[in-house]
Amino acid sequence: MTYVIYHISSTMQVGPTKFGNPATHEAKKYKTLGAALATCRKFNERAIAKDAADIVKYGCTHGDNRTAGVGPGPYGACSIDHYATKVVRTVTRTNLLSGQAYQEASNTPGYCSPSSEAYWAM
1007 MTYVIYHISS TMQVGPTKFG NPATHEAKKY KTLGAALATC RKFNERAIAK DAADIVKYGC
1067 THGDNRTAGV GPGPYGACSI DHYATKVVRT VTRTNLLSGQ AYQEASNTPG YCSPSSEAYW
1127 AM
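To convert, count from 1 in the sequence shown and add 1006; that's the numbering used here.
The structure is reproduced here in structure tokens:
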């Protein structure tokens, strides 16, 4: 079985950290649940520590508006089958040029979606 780590609010898969934050464009698949959970725990600990530093420095959080140390964190891990069927939602959007409705994943970036002007401007 294969496992993935994802950002809970956006449902985007994440991978190894780039510049201190998990990278969404380099999602990684893990062969064991233990490896996925260990990496997920590391991502969550870093996110909570960053929010705690923001509270001390700015008096508020600049992340997901969470209080430092409260809650499990912004990342979750699950099997790839569960991710595809339960986590990612499908939405109906309209193609900008043809006007036809189509289905796509809710976490599709705007520049990859035919319903966006950025897609057609490239």
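Virtual Cβ for every residue (Gly too), placed ideally from N, Cα, C. Just so you know, these numbers come straight off a predicted model, no measurement behind them.
Quick check on residue i: does DSSP put it in helix, strand or coil?
i: Ala1083; result: strand
i: Lys1035; result: strand
i: Thr1067; result: Reliability of the predicted coordinates at Thr1067 is poor, the pLDDT of 45 falling under 50, and the value obtained from them is presented with this limitation in mind. Three-state result, Thr1067: coil.
i: Val1094; result: coil
i: Thr1140; result: Beyond the ends of the chain as shown, which are 1007 and 1128, falls residue 1140; an answer cannot be given.
i: Asn1050; result: helix
Please name the residue or residues paired with residue i in a DSSP beta bridge.
i: Ile1011; result: Val1020 and Ala1083
i: Tyr1108; result: Arg1099
i: Pro1143; result: Because the chain here runs from 1007 to 1128, residue 1143 falls outside it and cannot be looked at.
Counting C-beta neighbours from all protein chains within 10 Å, is the total for residue i 16 or more, i.e. buried, or is it exposed?
i: Tyr1009; result: buried
i: Thr1045; result: buried
i: Gln1019; result: buried
i: Tyr1108; result: exposed
i: Pro1080; result: buried
i: Pro1028; result: buried
i: Tyr1117; result: exposed
i: Gly1082; result: buried
i: Ala1090; result: exposed
By the DSSP assignment, the beta strand (DSSP E) with residue i in it spans what residues?
i: Tyr1125; result: Counting along the chain, Tyr1125 falls outside any beta strand (DSSP E), though it belongs to the alpha helix (DSSP H) covering Glu1123 to Ala1127.
Leaving out five residues on either side along the sequence, give the residues of the same chain with a beta carbon under 7 Å from the beta carbon of residue i.
i: Ser1119; result: Arg1099, Glu1110 and Tyr1125
i: Met1007; result: Ser1085
i: Val1094; result: Thr1017, Ala1111, Ser1112 and Asn1113
Please go through the same chain and pick out, in chain order, the residues whose beta-carbon is closer than 8 Å to the beta-carbon of residue i, but skip the five residues on each side of it.
i: Leu1102; result: Pro1120, Ser1121, Ser1122, Glu1123, Tyr1125 and Trp1126
Excluding the 5 residues preceding and the 5 following residue i in the sequence, name in chain order all residues of the same chain whose CB lies nearer than 6 Å to its CB.
i: Tyr1036; result: Tyr1009 and Ala1042
i: Phe1049; result: Pro1028 and Tyr1081
i: Val1097; result: Ser1112
i: Leu1039; result: Tyr1009
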